[in-house]
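K.L.:
Here's a structure for you.
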Amino acid sequence: MVKKRVLIKDCEILPVLTVKLEDDCVTVAKKLHDFQERRIFVVNDKKMPVGIISIVDINDRLVARGKNPNKTKAKDIMTYPVNIVVDLNDSADEVLKKMVRKDNYYIPVTDKGVIKGLITYAGIMKKLSPK
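Right under this line is the structure:
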């Protein structure tokens, strides 16, 4: 029996929140609050993921240091580079191996470099597991 190759695009791709490098931290925090998320990806002008901001980053790099959230930019508090970025046409098996090696349970998915969503460990496992 030949095993069918499963691609990331065959798995459930979750929506992703993004902000631009130059967005201020008030914009970042409002977006996180409005969508009740704990992390947001920072994208460049080509919509490629270049960093990530979590609520911990906002606390540690903005609030705890007394920075002005209206003047501080996303690029100033983001964690970068992004550990793993995968393409819709990547093999789900290979992506899963990368996730385990890098200890990531979610990663951004791109199509020709443009961010399209998130893939989770569980999302891949659901597709790869026998029914």
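Using this note's numbering, you'd call the opening residue of the sequence shown number 12 and step up by one each time.
Virtual Cβ for every residue (Gly too), placed ideally from N, Cα, C.
Computed from a prediction, not measured in an experiment: that's the story for all the values here.
Leaving out the 5 sequence neighbours to the left and right, which residues in its chain are closer than 6 Å to Met2 when beta-carbon positions are compared?
P.N.:
Residue 2 lies beyond the stretch modelled for the chain, which goes from 12 to 142, so this question has no answer here.
K.L.:
Taking the straight line between their C-alpha atoms, what separation do you get for Thr29 and Lys41?
P.N.:
Each residue's alpha carbon lies about 12 Å from the other.
K.L.:
Of the choices His44, Lys86, Leu129, whose alpha-carbon is the least far from that of Gly62?
P.N.:
That would be Lys86, whose Cα lies nearest to the Cα of Gly62.
K.L.:
With 16 as the cutoff for other CB atoms within 10 Å, does Met136 come out buried or exposed?
P.N.:
Exposed is the call here.
K.L.:
Just the Cα atoms here: how many angstroms apart are Val39 and Asp104?
P.N.:
For Val39 and Asp104, the distance between alpha carbons rounds to 33 Å.
K.L.:
Quick one, which of Val54, Arg50, Asn81 has its alpha-carbon nearest Asp148's?
P.N.:
For residue 148 there is no data in the structure shown, the boundaries of the chain being 12 and 142.
K.L.:
Determine the extent of the alpha helix (DSSP H) in which Asp122 is found, giving its start and end residues.
P.N.:
Segment 117-122 is the beta strand (DSSP E) holding Asp122; no alpha helix (DSSP H) there.
K.L.:
What's the call for Phe52, buried or exposed, on a 16-neighbour Cβ count within 10 Å?
P.N.:
Buried is the call here.
K.L.:
Roughly how many whole angstroms lie between the Cα atoms of Met12 and Ile19?
P.N.:
Low per-residue confidence applies at Met12: pLDDT is 49, beneath 50, and the placement is therefore not dependable, though the value from the model is reported in the following sentence. Between Met12 and Ile19, the C-alpha separation is close to 22 Å.
K.L.:
Grab me the residues of Lys57's own chain with a C-beta within less than 6 Å of its C-beta, minus the 5 sequence neighbours each way, in chain order.
P.N.:
For Lys57, where only same-chain residues beyond five positions count, there are no Cβ hits under 6 Å.
K.L.:
Taking all protein chains shown into account, decide if Val37 is buried (16 or more other Cβ within 10 angstroms of its Cβ) or exposed.
P.N.:
Its Cβ having fewer than 16 others within 10 Å, Val37 is exposed.
K.L.:
Pair every Cβ in the segment 74-82 with every Cβ in the segment 106-117, then say whether three or more of these pairs are closer than 8 Å.
P.N.:
The segment 74-82 vs the segment 106-117: no contact.
K.L.:
Measure the alpha-carbon distance for Ile88 versus Ile130 and round it to whole angstroms.
P.N.:
Going by the C-alpha atoms only, they are around 24 Å apart.
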